[in-house]
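Visitor: In this note's numbering, the protein residues as written are 88 to 412.
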């Protein structure tokens, strides 16, 4: 008997995308799956689309009137799941048809210490039609140190991993923060091996409501997650220097993003200051120096400088959101 995959899809006001996401599960070449759709208080036409799947015995729909933390909803999905494996899909993204078949084939040849099979994805820009491979750290085995030291190569893709259910039961999402990025995979990597498939197996849409554009809120949540990681009883203390180095680089990046895209210079300065506190060498990094200087200017002058930078280096305008939509 083939293992059952439980797909947990959390959706909120994605009526223009959610059917593509659902159909990407329905049309999988691997047929042993269940889909748990959690509507997190949508106010658009999402419910009308979900009703089309009421008669599908492999699809369960859980609806809420109020929007709440995504972490809570996904943890609930894990509790409802019947499968031995969990896949988390966001309703603005979608799978390619053979993702489950290829992942289960890998798990079939791996021992129980392997907790995650992951791969890159494509990113698809809905404005330009551009599609490219999203960077993903290409590593297998016990990868926690690699996550910290090879951060420049990419991240653990958020939608391609197939995860043993026991991993998410041991390391549930933190329900006191709105959403988690890589934090879940940092914790799983403390005890489990990851297997990498060098092939894009899903598509992440880039649009004007992506959570990744909420830079300040994402930074605040990243700080919470990394602080907790360092204190976690399963965290190998010999990796603390690598975690601190990664932490300082991330804070520097968030400070620069706020200078380039936002208006809160106080927050940007805080990010640079914390980055330097964790790693004094960050003081001399060109981005830190440029960011601190930019903070001295008014918002109007910074905007002019940023436009000039974009023009000189051929950079496209990046969307910046103050909060999740």
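Quick reminder that beta carbons are idealized off the backbone N, C-alpha and C, glycines included.
1. Count Cβ pairs between the region 177–196 and the region 281–288 that sit closer than 8 Å; are there 3 or more?
2. Could you pull out every residue in the same chain whose Cβ sits closer than 7 Å to the Cβ of residue 463, ignoring the five residues on either side in sequence?
3. Cutting at 6 Å between CB atoms, please list the residues of its own chain near residue 224, excluding the five before and the five after it.
4. Quick check on residue 235: does DSSP put it in helix, strand or coil?
5. When we look at the beta-carbon of residue 133 and count the other beta-carbons within 10 Å, is it buried (16 or more) or exposed?
6. Alpha carbon to alpha carbon, what distance is there between residue 156 and residue 411?
7. For residue 382, which of helix, strand or coil comes out of DSSP?
8. Could you tell me the distance, in whole angstroms, from the CA atom of residue 264 to the CA atom of residue 215?
9. For the region 146–226, which segments carrying the alpha helix (DSSP H) assignment without a break, of at least 4 residues, lie completely within its bounds, in sequence order?
10. Got a sec, what are the start and stop residues for the beta strand (DSSP E) residue 260 sits in?
11. Once DSSP output is grouped into helix, strand and coil, what is the label at residue 411?
12. Take the Cβ of residue 88 as the centre, count every other Cβ of all protein chains shown within 10 Å, and call the residue buried at 16 or more, exposed below.
13. Nearest CA to the CA of residue 189: which residue from 103, 90, 396 and 222?
14. Smallest Cα separation from residue 219: which of 270, 369 and 209?
15. In or out: residue 342 buried (at least 16 other Cβ within 10 Å) or exposed?
16. Going along the chain, which residues of its own chain have a beta-carbon closer than 8 Å to the beta-carbon of residue 394, five neighbours each way excluded?
17. Is it right to say residue 93 is buried, meaning 16 or more other beta carbons lie within 10 angstroms of its own, or is it exposed?
18. Using a Cβ distance threshold of 8 Å, determine whether the region 344–363 contacts the region 314–329, with at least three qualifying pairs required.
19. Determine whether the beta carbon atoms of residue 102 and residue 131 lie at a separation below 7 Å.
20. From this set, 249, 371, 248 and 274, which residue's C-alpha is nearest residue 86's C-alpha?
21. Which residues bound the alpha helix (DSSP H) around residue 359?
22. In this structure, does DSSP put residue 122 in helix, strand or coil?
23. For residue 351, which residues from the same chain have a beta carbon less than 8 Å from its beta carbon, with the 5 sequence-adjacent residues on both sides left out?
24. Run the CB neighbour count on residue 114, radius 10 Å, all protein chains shown included, and call it buried at 16 or more, exposed below.
Guide: With the given structure in hand:
1. yes
2. The requested residue 463 does not occur in the structure, where the chain is confined to residues 88 to 412.
3. If you number the chain shown from 1, residue 224 lands on position 137. These residues qualify, in order along the chain: 237, 240 and 241.
4. Position 148 of the chain shown, counted from the first residue, corresponds to residue 235. Here residue 235 sits in helix by DSSP.
5. Position 46 of the chain shown, counted from the start, is the residue given in the question as residue 133. Per the 10 Å Cβ criterion, buried.
6. Here the question's residue 411 lines up with position 324 in the chain shown. Here the question's residue 156 lines up with position 69 in the chain shown. Note that residue 411 scores a pLDDT of 45, beneath 50, so its modelled location is shaky; the value from the coordinates is reported in the next line. For residue 411 and residue 156, the distance between alpha carbons rounds to 11 Å.
7. Residue numbering aside, residue 382 sits at position 295 when the chain shown is read from its first letter. Looking at residue 382 - three-state DSSP - the assignment turns out to be coil, as it is neither helix nor strand.
8. Counting from 1 along the chain shown, the entry for residue 264 is found at position 177. Counting from 1 along the chain shown, the entry for residue 215 is found at position 128. Rounded to the nearest angstrom, the two C-alpha atoms are 32 Å apart.
9. 157–167 and 186–195
10. The residue you call residue 260 lines up with position 173 of the chain shown. No beta strand (DSSP E) contains residue 260, which DSSP labels as neither H nor E.
11. Within the chain shown, residue 411 is the residue found at index 324, counting from 1. With a pLDDT of 45 at residue 411, under the threshold of 50, the modelled position of this residue cannot be trusted, and the question is left open.
12. By 1-based counting over the chain shown, the position of residue 88 is 1. By the neighbour-count rule (16 or more Cβ atoms within 10 Å), residue 88 is not buried but exposed.
13. If you number the chain shown from 1, residue 189 lands on position 102. Nearest of 103, 90, 396 and 222 to residue 189, Cα basis: 90.
14. Against the chain shown, residue 219 aligns to sequence position 132. Looking at the Cα atoms, 209 is the closest of the given residues.
15. Taking the first residue of the chain shown as position 1, residue 342 is located at position 255. Result: buried.
16. Counting from one through the chain shown, the residue named residue 394 turns up at place 307. Hits under 8 Å: none found.
17. Taking the chain shown and counting its residues from 1, one reaches residue 93 at position 6. Flag for residue 93 reads buried.
18. no
19. For the purposes of this step, residue 102 is taken as residue 15 along the chain shown, with counting starting at 1. For the purposes of this step, residue 131 is taken as residue 44 along the chain shown, with counting starting at 1. Taking 7 Å as the Cβ cut-off, residue 102 and residue 131 qualify as a contacting pair.
20. Outside the modelled stretch of the chain, which goes from 88 to 412, sits residue 86, for which no answer is possible.
21. Locating residue 359 in the chain shown gives position 272, where the first residue counts as 1. First-last of the alpha helix (DSSP H) with residue 359: 352–365.
22. Residue numbering aside, residue 122 sits at position 35 when the chain shown is read from its first letter. Correct three-state label for residue 122: strand.
23. Here the question's residue 351 lines up with position 264 in the chain shown. Excluding sequence neighbours, residue 351 sits near 303 and 345.
24. Counting from one through the chain shown, the residue named residue 114 turns up at place 27. Classification for residue 114: exposed.
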